[in-house]
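Enquirer:
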Amino acid sequence: MATANWNPLGDEYYRKTEIYTMDWIINGNVDLSKNRVAAAPFAGPIALLRDDSKVGRVSNTKPILYIYNAAGREISHMRWSSGNLIQIGWSNTEDLLCIQDDGVVLVYNMFCTFKKTFSMGDEAKTLKVKDCKVFQGFHGTGIAIITNSLRVFIVNNVEDSRIRRLAEVPGLQPSFSSWIILTIDRQTKAMVANGSELVQIDQGGQYEVKPFPPANWSEGNVIDMALSSDKKYIALYMSSGLIWVGTSDLKTKLWEFNTKGAPKPLSFLWCGNGAVVCHWDTLMLVIGPDKNHISYMLDGPVYLVEEVDGVRIIGNMQHEFLEKVPDVTLEVYKILSLAPGAMLRQASKEYQNGSQKADEHLRMIENKDVAVDQCILAAGHQFEPAEQKELLKAAVFGKSFITEYSPKKFVSMCQTLRVLNQIRHFSIGIPLTYTQLELLTKEVLIDRLVLRMKFLLAIRICQFLHIPDAEGVSRILAHWACYKVQQKYESDEAIAHAISQKLGDTPGVSYSEIACKATECGRDELAIKLLEFEPKASEQVPLLMKMNRNELALSKAISSGDTDLVYTVLLKLQDSNSSDFPRQIRNMPMAYFLYLQYCRKQNRKELQNMYYTEDNYLEDGLCHIIDSFTYERLEDRMCALKDAVIRFNKSKNEFITKQTEEQIKLLDMQQKFEEEFNRRYIDLTLHETIHQLIVDDKLKQAEFMRKTFKVPDRRFWWLKINALAQSHLWGELDKFSRTKKPPIGMEAFVDVCMKHKNPDEARKYIPRVHPENKVRCLLKTGQLKEAADAAFENRNEDELNIVLSKCSTSNPGLMERIKGLKAQLSKK
């Protein structure tokens, strides 16, 4: 019967449900009274380690640390060979935290595989740890310690082991009675009981004496404290046996209960947020408001684990769960209840028995929607599948009398219960309640199954709940593959084949992550085989480089066509093996070309070394040419050019050799000109040098350079007339035009004069211009009438049209004259 294990506590009911008969009794070697016990919340695993202080002797053999699931089935074990433990506990990710008296914290997973270690500080190492707490806070799982110097240190998150020191408690006695950790408003504080006085300290260096005890207090000192799961209430156990319960700020008392001088309990904790649980050797009390309590006699030693909605009671023989009966369950099952859910459940039972009373019960239900919802929700809070089915059948029966009812709640509950029943099986051993699962979420449950290596069950649940593959199946398969690569008894080929067959092209699975796990296990060859299945070169290459398989990484990068990736590998290769590096990339054209490009911009010395070792004299010489332009001293530049000449001679390239020699000759002459004329000539080209000499009226030197460098006449004439015009040496320009027949024509003289805005000088050269170009030159100087006459003399109507187009309306006479000339040409 569903209510057989209910016990009243004031207006509420509490029930104690047996979850498992412990599997460890088969071996008959587990006695909780002789062991240090730690159980993870949310139905997590149980750790047991022999406690020599409880055994009463110090054994010469190292104790064995056992880890079991909640059903007492062994998960793993190891011989504890490290330091002296003072506490063991579990993180919210189900890692085992082992705290030693020197402040060293060792972290293991539930399979006793070492993960990491960190220290709680030098003071803990030197002075040793007096007591410690493992707590769940806003930032994650934290650890707090009190050293023998009575200082408190806290790590708020074991994943980020930054140590914070809390304020000191003034006048704290070494024999202080109790302390707890408060995680309120995203802050971590500690409350220390110093006799009957309670002091709250934080990491900001502040301490606060709390308003306790009240005036005329005669109940002794605080010897134990417990904080409710919602952090709103606190329970204090006094040396007189009084239990005081109030708000966590100690300003408001809720109730008191006198145990009549009972000693400090072995466990003192909350059951949900409505009752306090104390347990001694053979007795457990559940204490609620108004001095109400429930007594349970114990057959042997037990260990209590506080959950958000109750207390897990772990004994030598069985595992039980104590909780407040949920309100909806109370309404549905309470005797003589007239709640809609209770009436619907009764109607369903009568209907299944073929009784006409079913109709009477249905008529008494005013709101059938509420009745169905109550039955569905009550089914979630039941542990027995038979009771779950009974309530779900009642819900189905009630739905048939509702015209519009969404099946979403019913389907969701059926799915949830199927998942809960599967994970509660003793082989899995996760006895989550519906309330706990709602807080934990199904996604975290999947993660916990993966941690336990229950991959198939996790995949089946994901498929059943229709979780997207990227968040479900794909992620689980990736974890399975990471576990697979750790199996040392299988060959690399077999593991790689099994993983590729199972994963295939599953979206969301990264073979590189699996390969990375293989490298962590020291299986580089397996990692390389797995990377063959990774489609992204950007994921393959970094891991290959990490394994120092640089040549293979370079080959993959080249195949991808990603130049940035190639450069990444090239630079790593260069750093790791600079002497053999050119040989490694010489047979890889793309890599070789990209590296040369890099060297041209970033490392020219390395570029020259590569050309030198390859006897590539032409490119080596070109490097010297380019480098010569970077030197400030002329002597360095000349040396670089001379070195380039030597390389070019070896390359048998006569043209470049001659050009370089002439550049040396030019620099030499420019240096002499600078010394002679006190003017900058170096860094000018040959043409610029000749031009500047003419501008500076150094005509003899310009002529000398023309002959020395065999500048063509046509080019020299252009240089000279532009320079003379720029210098306004119009007389020299006229004189130069008469030395001989200009190879560039007289039109060039007209052009340079007009370029420097001297039309009068330009007109002097027009009579000597060839008739074919005279019209164009006259137009440039603005002589439209003369241009028209020249066009008429040339008998060229097109030229007359051009002149006519240049005329403006302000000169109608000239326009008429041009039209007349055109008419004359037409007649003839």
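Count along the sequence shown starting at 1, add 1102, and that's the number in the numbering used here.
Glycine residues also receive a C-beta, built at the ideal position from the N, C-alpha and C atoms.
All values reported here derive from a predicted model rather than from experimental measurement.
(1) Taking the C-alpha atoms as reference points, what is the distance between Ser1251 and Ala1142?
(2) Assuming Met1180 is part of the beta strand (DSSP E), what are its boundary residues?
(3) When you compare each of Gln1289, Gly1307, Ile1325 and Glu1863 to Leu1300 by their alpha carbons, which one comes out closest?
(4) So if DSSP puts Leu1400 in a beta bridge, which residue, or which two residues, is it bridged to?
(5) How long is the line joining the alpha carbons of Trp1126 and Gly1402, rounded to whole angstroms?
(6) Use the C-beta contact count for Glu1468: other C-beta atoms within 10 angstroms, 16 or more gives buried, fewer gives exposed.
(7) Going by the beta-carbon positions, is the gap between Tyr1309 and Ala1269 smaller than 9 Å?
(8) Tell me which residue opens and which closes the alpha helix (DSSP H) that Asn1360 is part of.
(9) Going along the chain, which residues of its own chain have a beta-carbon closer than 8 Å to the beta-carbon of Leu1645, five neighbours each way excluded?
(10) Tell me, which residues are paired with Asn1109 by DSSP?
(11) Could you tell me the boundaries of the beta strand (DSSP E) in which Thr1431 lies?
(12) I need the boundaries of the beta strand (DSSP E) containing Trp1281, first residue and last residue.
(13) Is it the case that the Cβ atoms of Glu1409 and Phe1144 are separated by a distance below 9 Å?
(14) For Tyr1339, does the three-state DSSP call read helix, strand or coil?
(15) Less than 9 Å between the C-beta atoms of Ile1121 and Phe1370, yes or no?
(16) Would Asp1549 and Thr1608 be called neighbours here (beta carbons separated by less than 9 Å)?
(17) Taking only the alpha-carbon atoms, compute the straight-line gap between Asn1107 and Tyr1116 and give it to the nearest angstrom.
(18) Residue range of the beta strand (DSSP E) that Ile1748 falls in?
(19) Thinking Ile1345 and Val1378 are a contact (beta carbons under 8 Å), I'd like their distance in whole angstroms, please.
(20) Quick one: give me the first and last residue of the beta strand (DSSP E) that Gly1191 is part of.
(21) Helix, strand or coil: which one does DSSP assign to Thr1543?
(22) Let's test the definition: count the other Cβ atoms within 10 Å of the Cβ of Pro1844 and tell me whether it reaches 16, buried, or not, exposed.
(23) Could you say which of Ser1753, Ser1907, Glu1895 and Pro1110 lies nearest to Gly1390 if we only look at CA atoms?
(24) May I ask you to list the residues that DSSP assigns as paired with Thr1219?
(25) If I follow the unbroken alpha helix (DSSP H) through Met1807, where does it start and stop?
(26) On the three-pair Cβ rule with 8 Å, is the segment 1495-1509 touching the segment 1518-1535?
(27) For Glu1849, write down the residues that DSSP places opposite it in a beta bridge.
(28) Compute the distance between the beta-carbons of Ile1758 and Leu1788, then report whether it is under 9 Å.
(29) Just the C-alpha distance for Ser1753 and Leu1769, rounded to the nearest angstrom, thanks.
(30) With a cut-off of 8 Å on the beta carbons, I'd call Ile1416 and Tyr1405 a contact; round off their distance for me.
(31) Determine the burial state of Ser1839: buried for a count of at least 16 other Cβ atoms within 10 Å of its Cβ, exposed for fewer.
(32) Can you tell me whether Asp1411 is buried or exposed? The criterion is at least 16 other CB atoms within 10 Å of its CB, across all chains shown.
(33) Quick one: what's got a C-beta closer than 8 Å to Lys1136's C-beta in the same chain, skipping five residues either side?
(34) Going straight from the alpha carbon of Tyr1435 to that of Ser1457, what length do you get?
(35) For Ala1226, collect the residues of the same chain with a Cβ closer than 7 Å to its Cβ; drop the 5 residues on either side in sequence, then sort them by chain order.
(36) Which residue wins for smallest C-alpha separation from Asp1798, given the options Lys1809, Asp1815, His1830 and Gln1773?
Expert: Straight from the coordinates:
(1) 30 Å
(2) Glu1176 to Arg1181
(3) Ile1325
(4) Leu1400 is not bridged to any residue.
(5) 15 Å
(6) exposed
(7) yes
(8) No alpha helix (DSSP H) contains Asn1360, which is instead part of the beta strand (DSSP E) from Lys1355 to Asn1360.
(9) Ser1614, Ala1617, Cys1618, Thr1621, Ala1629 and Leu1633
(10) Tyr1116
(11) First-last for Thr1431: Asp1429 to Tyr1435, but that is the alpha helix (DSSP H), not the beta strand (DSSP E).
(12) Ser1280 to Ile1286
(13) yes
(14) strand
(15) no
(16) no
(17) 8 Å
(18) Looking at the DSSP string, Ile1748 is not in any beta strand (DSSP E); the run it does join, the alpha helix (DSSP H), is Leu1736 to Ser1753.
(19) 6 Å
(20) Leu1187 to Trp1192
(21) coil
(22) buried
(23) Pro1110
(24) Leu1208
(25) Leu1801 to Thr1810
(26) no
(27) Answer is none; Glu1849 lacks a bridge partner.
(28) no
(29) 24 Å
(30) 5 Å
(31) buried
(32) buried
(33) Arg1152, Asp1153, Lys1156 and Val1157
(34) 20 Å
(35) Asp1204, Gly1205, Ile1247, Thr1249 and Phe1255
(36) His1830
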